[in-house]
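Undergrad: Below are the structure tokens for one structure; questions will follow.
Numbering (the working numbering), first residue to last: 7 to 93.
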């Protein structure tokens, strides 16, 4: 894995998440945006910043005939939305 990789369980060092965290913690930026344009969903980065209101995370990734990792929570939530039973 490369130092810029961001998929949960597939990276050792997430340089984008570290950089975003550093600028937020230092006060050098009030908000950050992370645009992840990749083959797979960057669920590790999403998990790190999910509760952080100062970070906008956008993931553009392949859908269908999935490439690893396949996040079953996303599939389950999509099915619930379609069925109108989303919590």
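Note that CB positions come from ideal geometry on N, CA and C, so glycine has one too.
Under the DSSP definition of a beta bridge, which residues are partnered with residue 63?
TA: In the chain shown, the residue the question calls residue 63 occupies position 57. Looking at the DSSP assignment, residue 63 forms a beta bridge with 40.
Undergrad: Please determine, among 31, 42 and 22, the residue with the shortest C-alpha to C-alpha distance to residue 68.
TA: Within the chain shown, residue 68 is the residue found at index 62, counting from 1. Checking every option, the nearest Cα to that of residue 68 belongs to 42.
Undergrad: Closer than 6 Å by C-beta to residue 23: which residues in its own chain qualify, once you throw out the five before and the five after it? Chain order, please.
TA: Within the chain shown, residue 23 is the residue found at index 17, counting from 1. 51 and 54.
Undergrad: Comparing C-alpha positions only, which one of 90, 20, 27 and 19 sits nearest to residue 57?
TA: Stepping through the chain shown from its first residue, residue 57 is reached at position 51. Checking every option, the nearest Cα to that of residue 57 belongs to 27.
Undergrad: Do you know how far the Cα of residue 59 is from the Cα of residue 10?
TA: The sequence position of residue 10 within the chain shown is 4, counting from 1. The sequence position of residue 59 within the chain shown is 53, counting from 1. Caution is warranted here: a pLDDT of 49 is assigned to residue 10, below 50, making its placement in the model unreliable, and no coordinate value can be reported.
Undergrad: Would you kindly work out how many angstroms separate the C-alpha atoms of residue 62 and residue 90, rounded to a whole number?
TA: Stepping through the chain shown from its first residue, residue 62 is reached at position 56. Stepping through the chain shown from its first residue, residue 90 is reached at position 84. Straight-line Cα distance between these residues: approximately 26 Å.
Undergrad: Helix, strand or coil: how does DSSP classify residue 27 here?
TA: Here residue 27 refers to the residue found at position 21 when the chain shown is read from its first residue. Three-state result, residue 27: helix.
Undergrad: May I ask which residues mark the beginning and end of the alpha helix (DSSP H) holding residue 49?
TA: As a working mapping, residue 49 is identified with position 43 in the chain shown. Unbroken alpha helix (DSSP H) run through residue 49: 49-55.
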